[in-house]
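Take a look at the structure below.
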Amino acid sequence: MATTINPLLPISPSLKHNFPSSTPSIPFKPIFNSLATLSISDFCNQRREVAARVAFNPSGNFDLSLFEEEDDSPKVPPPMPPTEGRFDIVIDKDNIRRLDLSPFHKATGITSASSIEPEEFLKRTIGFTINYTREDPHDLRELSELPDVRLWFVRLDATYPWLPVLLDWRAGELARYAAMLVPHQMSMRMGVVFNPEALELFIMKKVFVVYSWLKQHNFPKPRLKTSDMARMLGFGIGDELFDLIDQHPLDPS
1220 MATTINPLLP
1230 ISPSLKHNFP
1240 SSTPSIPFKP
1250 IFNSLATLSI
1260 SDFCNQRREV
1270 AARVAFNPSG
1280 NFDLSLFEEE
1290 DDSPKVPPPM
1300 PPTEGRFDIV
1310 IDKDNIRRLD
1320 LSPFHKATGI
1330 TSASSIEPEE
1340 FLKRTIGFTI
1350 NYTREDPHDL
1360 RELSELPDVR
1370 LWFVRLDATY
1380 PWLPVLLDWR
1390 AGELARYAAM
1400 LVPHQMSMRM
1410 GVVFNPEALE
1420 LFIMKKVFVV
1430 YSWLKQHNFP
1440 KPRLKTSDMA
1450 RMLGFGIGDE
1460 LFDLIDQHPL
1470 DPS
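The sequence shown lines up with residues 1220 to 1472 when you count with the numbering used here.
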């Protein structure tokens, strides 16, 4: 059976459901309205107020100043405190410049992709503290906009591609992690505004990786956990996609 993922862009503000197609499609769709701002807590099982937000701009127009002048919505609230007892990875500028992942290894005890059992990390979660002193005190860029910081996270993600599922979601770590890897802009009112096509590709890659990794470790309800991760960034994943993955499994080695 031929299966397609319907293109998400461009999209008009009135289109909020599955797109019509002449062939069967995987129910994978962004959960947003045009230029909508989604609180991550909207998709969290605990239904708590979460500060980090994800904003989508499906029109592809990233002149945010025009939209912010017309937007009367309140600014993004401060993030929730870190989950108590989480694994906290502290990295500094020296670690970043040398692409040194040893702070991650020391804080978590993870030294290889095959040496980890996910249960404890899913319970305690993982977060990051970045101590980065800018050379120019007038540099107002966010950490996720600095090339060397982003490169450190690119290397970390390439080494442990399933890491997003272990992050401290309620404290906004998943959104911040995604910002290190996905093109975006910063908005005072909306927070992180991702390039929607790039975010779509990032989410789909992580769905494939995380679902297979959880199944490999016999984690209960891997579909639910993987879907929850995608929903934290505003995407719904249908069971048909997981069925296709199960029908054509790959050797994890």
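We put the beta carbon where it would ideally sit given N, CA and C, even for glycine.
For residue 1348, which three-state DSSP category applies?
Along the sequence shown, one-based indexing puts residue 1348 at 129. Looking at residue 1348 - three-state DSSP - the assignment turns out to be strand.
Got a sec, what are the start and stop residues for the beta strand (DSSP E) residue 1403 sits in?
Walking along the sequence shown from the start, residue 1403 turns up at place 184. Its beta strand (DSSP E) spans residues 1403-1406.
If we count the other Cβ atoms within 10 Å of its Cβ and call it buried at 16 or more, is residue 1454 buried or exposed?
Taking the first residue of the sequence shown as position 1, residue 1454 is located at position 235. Classification of residue 1454: buried, given that the 10 Å Cβ count is 16 or more.
When the Cα of residue 1421 is compared with those of 1392, 1437 and 1452, which residue comes out closest?
Taking the first residue of the sequence shown as 1, we reach residue 1421 at position 202. Checking every option, the nearest Cα to that of residue 1421 belongs to 1452.
Taking C-alpha atoms, which residue in 1465, 1337 and 1416 lies nearest to residue 1306?
Counting from 1 along the sequence shown, the entry for residue 1306 is found at position 87. That would be 1337, whose Cα lies nearest to the Cα of residue 1306.
For residue 1418 and residue 1356, what's the separation of their Cα atoms in angstroms?
As a working mapping, residue 1418 is identified with position 199 in the sequence shown. As a working mapping, residue 1356 is identified with position 137 in the sequence shown. Rounded to whole angstroms, residue 1418 to residue 1356 spans 31 angstroms at the Cα level.
Quick test of the definition: if touching needs 3 or more C-beta pairs under 8 angstroms, does the segment 1316-1331 touch the segment 1372-1389?
These segments touch.
Report back the beta-carbon spacing between residue 1341 and residue 1400 to the nearest angstrom; my notes put them in contact at under 8 angstroms.
Here residue 1341 is taken as the residue at index 122 of the sequence shown, counted from 1. Here residue 1400 is taken as the residue at index 181 of the sequence shown, counted from 1. That pair is no contact at about 21 angstroms.
Tell me whether residue 1469 sits in a helix, a strand or coil according to DSSP, three-state version.
For the purposes of this step, residue 1469 is identified with residue 250 of the sequence shown, where counting begins at 1. Correct three-state label for residue 1469: coil.
Grab the span of the alpha helix (DSSP H) containing residue 1384 for me, first residue to last.
Stepping through the sequence shown from its first residue, residue 1384 is reached at position 165. Element bounds for residue 1384: n/a, residue is neither H nor E.
Within a Cβ cutoff of 6 angstroms, which residues of the same chain sit near residue 1428, ignoring the five residues on either side of it in sequence?
In the sequence shown, counting from the first residue as 1, residue 1428 sits at position 209. Here the set comprises 1380 and 1381.
Please state whether DSSP places residue 1315 in a helix, a strand or coil.
Numbered from 1 along the sequence shown, position 96 holds the residue referred to as residue 1315. Three-state result, residue 1315: helix.
Is residue 1340 near the ligand ADP, going by C-beta to nearest heavy atom under 8 angstroms?
For the ligand ADP, the structure offers nothing, since it holds no ligand at all.
Give the secondary structure of residue 1308 by DSSP, where H, G and I count as helix, E and B as strand, and everything else as coil.
For this step, residue 1308 is matched to residue 89 along the sequence shown. Reduced to three states, the DSSP call for residue 1308 is strand.
Once you ignore the five residues that flank residue 1372 on each side, which residues in its own chain have a CB closer than 8 angstroms to its CB?
For the purposes of this step, residue 1372 is identified with residue 153 of the sequence shown, where counting begins at 1. Excluding positions up to five away in sequence, the list reads 1396, 1399 and 1400.
Could you give the C-beta distance for residue 1315 and residue 1367, rounded to a whole number, given that I count them as a contact under 8 angstroms?
Position 96 of the sequence shown, counted from the start, is the residue given in the question as residue 1315. Position 148 of the sequence shown, counted from the start, is the residue given in the question as residue 1367. With a Cβ gap of about 5 angstroms, residue 1315 and residue 1367 count as contacting.
Can you tell me whether residue 1389 is buried or exposed, with buried defined as 16 or more other CB within 10 angstroms of its CB?
Counting from one through the sequence shown, the residue named residue 1389 turns up at place 170. Burial call: buried.
Of all the options 1335, 1334, 1333 and 1344, which has the alpha carbon lying nearest to the alpha carbon of residue 1303?
Counting from 1 along the sequence shown, the entry for residue 1303 is found at position 84. Residue 1303 has its Cα closest to that of 1344, out of 1335, 1334, 1333 and 1344.
Using the C-alpha atoms, what's the distance from residue 1406 back to residue 1413?
Within the sequence shown, the letter at position 194 stands for residue 1413. Within the sequence shown, the letter at position 187 stands for residue 1406. Going from the Cα of residue 1413 to the Cα of residue 1406 covers about 10 angstroms.
Could you give the residue range of the beta strand (DSSP E) that holds residue 1413?
Residue 1413 sits at position 194 when you count from the first residue of the sequence shown. That run of the beta strand (DSSP E) goes 1410-1413.
Taking the alpha-carbon positions, what's the residue 1443 to residue 1335 distance?
To locate residue 1443, count along the sequence shown from 1; it is residue 224. To locate residue 1335, count along the sequence shown from 1; it is residue 116. Approximately 21 angstroms between the Cα atoms of the pair.
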